[in-house]
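Quick note: the sequence shown uses the working numbering, first residue 2, plus one each step. The C-beta atom is built at its ideal place from N, Cα and C for all residues, glycine as well. Notes to accompany the following structure.
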Amino acid sequence: MTILHELKEKIINRKAVIGVIGLGYVGLPFAVEKAKVGFQVIGIEQNPVRAERVNNADNYIGDVKDDDLKQVVSDGKLKAVTGFGVVPEIDVLVICVPTPLTKNLTPDLSYVEGVTKGIAKWLRPGQLVTLESTTYPGTTDEIMRPLLEETGLRQGVDFFLAHSPERVDPGNKRYTTKNTNKVVGASDPNSLTVAKLFYEQTIDHVVPVNSAKAAELVKVFENTFRAVNIALVNELALLCDRMGIDVWEVLDAANTKPFGIMPFYPGPGVGGHCIPIDPHYLEWKAYQH
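Here it is in structure tokens:
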């Protein structure tokens, strides 16, 4: 049996051990979902307070149900550690770490690079590594792959590497980790095949694309789209106020059109972890071209 077939069999039979690196608003819900369907999940969380809270089933993420966390911890399906020494035990490593900006509004990939180096020290044949952190097109292929291949192992042959951007909308009761369509891309067919299979175990609909770069661009486009339209509707609200026009009436009427428009409403502006930041990742990469 080849390395690829062995990993696929482990995933299908729920025998694969899953490692989730970063147990924040993306990582912890994902870890719980995997544990709920029978996978053994190890969270790698460098914040010892968070790791201890997970091991005590003390929930700190609103999108995770308290009872779900208690159940998977008590069943021994989820535990958290603070170091990378467990990496050899893990079959699939999912990276969910922050990608902030520097003070000059350029990408800060120090977390991604640090985690990749931590994995590389323990990387073994037959593992799948996926990056879920939002980033510019090229991060997976140009930053992560060389660091992992310094081990002498080759992507698509000895290990597998993919990008699948998170689409978490904290507090959304309708769309959760399970029922939100999941994009996945990889730059070799073996990595794409096994990554797609992995995500299909717990997510209703997986959308494959032909490269990691395409998957990375999907996410920064989505959030740039939202940032642009939030800005547009807020400017429209100011204009309507000056002109004595009811902006809500205008928007409600415009949104009766059955094509070519979607609702955006005035508010305090962009916020959260992603939308104020991600357009700068796209902007930075675009300047290079």
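Note on geometry: alpha-carbon atoms of K197 and P267 lie some 38 Å from one another.
In the DSSP secondary-structure assignment, K80 is bridged to I43. For the options V169, I62 and K118, the alpha carbon positioned closest to that of E223 is the one of V169. Exposure of P89 is indicated by the presence of fewer than 16 other C-beta atoms within 10 angstroms of its C-beta. Runs of the alpha helix (DSSP H) lying entirely within the region 100-155 and spanning at least 4 residues, in chain order: 111-121 and 146-150. For G186, the uninterrupted beta strand (DSSP E) segment begins and ends at K183 to G186.
Within a 10 Å sphere around the beta-carbon of Q289 sit fewer than 16 other beta-carbons, which makes this residue exposed. Apart from sequence neighbours up to five positions away, the residues of its chain that approach Y176 with a beta-carbon distance below 7 Å are D170, ordered along the chain. L24 is a Cβ neighbour of G44, given a cutoff of 7 Å.
DSSP places I278 in the coil class of the three-state scheme, outside both helix and strand. The shortest CA-to-CA distance from A187 to any of P209, I120 and G172 is the one to P209.
Between the region 57-77 and the region 93-110 there are fewer than three C-beta pairs closer than 8 Å, too few to call the two in contact. In the DSSP assignment, I12 falls within the alpha helix (DSSP H) that extends over I4 to I13. The beta carbon of L149 sits closer than 8 Å to the beta carbons of T117, I120, A121, L124, V130, Q156, F160 and L162 from its chain, once the five residues preceding and following it are set aside; these are given in chain order. Just so you know, the alpha carbons of L106 and H281 end up roughly 7 Å apart. A Cβ-Cβ contact shorter than 7 Å links L8 with G127.
Taking N256 as the centre and dropping the five residues before and after it, the same chain places the C-beta of I262 and P264 closer than 7 Å to its C-beta, in chain order.
Residue range G28 to K37 is occupied by the alpha helix (DSSP H) that includes P30. Annotation: A232 is outside any beta strand (DSSP E); the continuous alpha helix (DSSP H) that includes it extends over A213 to M244. K104 counts as exposed, since fewer than 16 other beta carbons sit within 10 angstroms of its beta carbon. Note that the C-beta distance between A36 and V93 is not below 7 Å.
By the C-beta density criterion, V221 is buried, having at least 16 other C-beta atoms within 10 angstroms.
Residue state for F160 is assigned as strand, using DSSP reduced to three classes. DSSP links L94 through a beta bridge to G20 and V130. Between R51 and the set E143, K80 and D242, the nearest pair of CA atoms involves K80. Judged by beta-carbon spacing, L154 lies beyond the 7 Å limit of T141, meaning their Cβ atoms are not closer than that value.
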